[in-house]
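Accompanying notes for the structure given below.
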Amino acid sequence: METNGIKLFVLAAETLNISAAGQQLGLTPSVASAWLSKLETQVGADLFHRTTRKVSLSIEGKEFLPYAKEILAQQESALAALGRGNPNVSGTLRFAASSTFAQRYVMPILQEFLERYPDINVELMLSDSQVKLIEGGFDLALRNLAAEDSSLIGRRLASDTRVLCASPEYIEIHGTPETPEDLTKHQLLVFMNAKARKLIALSDQQQYTFPPANTKPRVVCDDGASLRIAAKAGLGICMSSLWNIHSELLDGSLVRVLPDYQIDDQSAVWLVYPKSNVLTAKVRVFIDYLLEKIGDPPIWEDEKPTFTS
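Here the numbering used here is used: the first residue of the sequence shown is 7, the next is one more, and so on.
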């Protein structure tokens, strides 16, 4: 029994749309229908009720679905296990990531990965804007949130703690904010299209927002590294992921602002990949490598410098 047909069945069972499921696998509607017909012949039952208006799972289809998922999971585990520790893993890995994160935490360790797996080539799409995995043909992407797209599955890489920061020079000129209300008197640097986030006082759990309502930011930018540079240059107060400013906090070029207030943010750094893809050996070894190097807790929560420049 071919697993390609089983994969198509699982996708069709989730979407109740055979053509759409086939499209995720690069199949025309006629080929997708033929694959499912072949699978139904092999299992000896109709897995779907098909009409001109809709598709629904048959009783046999509902019974077969958990077994089909288990078959795919076992295949994924077997292929991944073959890849671990095997220097002969090969292929081109297409990886999309935040340019800011990649510059600090991926590029500095890429040489060691390629030396460990000399037959893997890497294509990187680096952008702080979110890319479409399936449409772009990517094997894997790094995002600072849980996988929200139902066509994706993910692996949590590390926490994404956020803090407020500014340069010592800015604080010397403009003073230190003592409460979130004081931020209305300061120059704020804000990531473009970022949602307002809660600031929670550690002392009494009172809540505020950043940026404050009715406050116009001094600088709005869609690049995290540029906001970090702007903060270091003394342009204002910035909210940033800890991984983005870890080195600057250690060398003193940036300092925490309102450290007694916690930013309420449940997001994390995730590695996500298309649900329709078997987790190939090249993807598995890269995920394992990033987990090994980033660590838990992640290196940006350590008091030592990171391996970045």
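We put the CB at the ideal spot given by N, CA and C, even for glycine.
So what's residue i in DSSP terms, helix, strand or just coil?
i: residue 160; result: strand
i: residue 216; result: strand
i: residue 192; result: coil
i: residue 315; result: Bear in mind that the predicted position of residue 315 carries a pLDDT of just 48, short of 50, making it too unreliable to give a figure here.
i: residue 287; result: helix
i: residue 70; result: helix
i: residue 144; result: coil
i: residue 39; result: helix
i: residue 280; result: strand
i: residue 16; result: helix
i: residue 127; result: strand
i: residue 296; result: helix
i: residue 47; result: helix
i: residue 362; result: Outside the shown range of the chain, which is 7 to 315, sits residue 362, and nothing can be said about it.
i: residue 10; result: helix
i: residue 28; result: helix
Taking C-beta to C-beta, are residue i and residue j nearer than 9 Å?
i: residue 150; j: residue 216; result: no
i: residue 30; j: residue 17; result: yes
i: residue 276; j: residue 162; result: yes
i: residue 44; j: residue 11; result: yes
i: residue 99; j: residue 145; result: yes
i: residue 261; j: residue 183; result: no
i: residue 226; j: residue 196; result: yes
i: residue 170; j: residue 269; result: yes
i: residue 279; j: residue 160; result: yes
i: residue 189; j: residue 218; result: yes
From the DSSP output, which residues share a beta bridge with residue i?
i: residue 270; result: 204
i: residue 172; result: 261
i: residue 165; result: 274
i: residue 103; result: 132
i: residue 247; result: 168
i: residue 62; result: 55
i: residue 110; result: Answer by DSSP bridge pairing: none, since residue 110 is not bridged.
i: residue 234; result: According to DSSP, which records beta bridges pairwise, residue 234 is partnered with nothing at all.
i: residue 149; result: 276
Comparing C-alpha positions only, which one of the options sits nearest to residue i?
i: residue 236; options: 259, 220, 248 and 127; result: 259
i: residue 122; options: 95, 182 and 130; result: 95
i: residue 51; options: 308, 130, 66 and 58; result: 66
i: residue 265; options: 255, 272 and 179; result: 255
i: residue 207; options: 71, 267 and 305; result: 267
Under the rule that 16 or more other beta-carbon atoms within 10 Å means buried, what is residue i, buried or exposed?
i: residue 288; result: buried
i: residue 245; result: buried
i: residue 73; result: exposed
i: residue 247; result: buried
i: residue 124; result: exposed
i: residue 76; result: exposed
i: residue 27; result: buried
i: residue 19; result: buried
i: residue 37; result: exposed
i: residue 104; result: buried
For the ligand SAH, is there any heavy atom lying closer than 8 Å to the beta carbon of residue i?
i: residue 205; result: This structure does not include the ligand SAH; it has no bound ligands of any sort.
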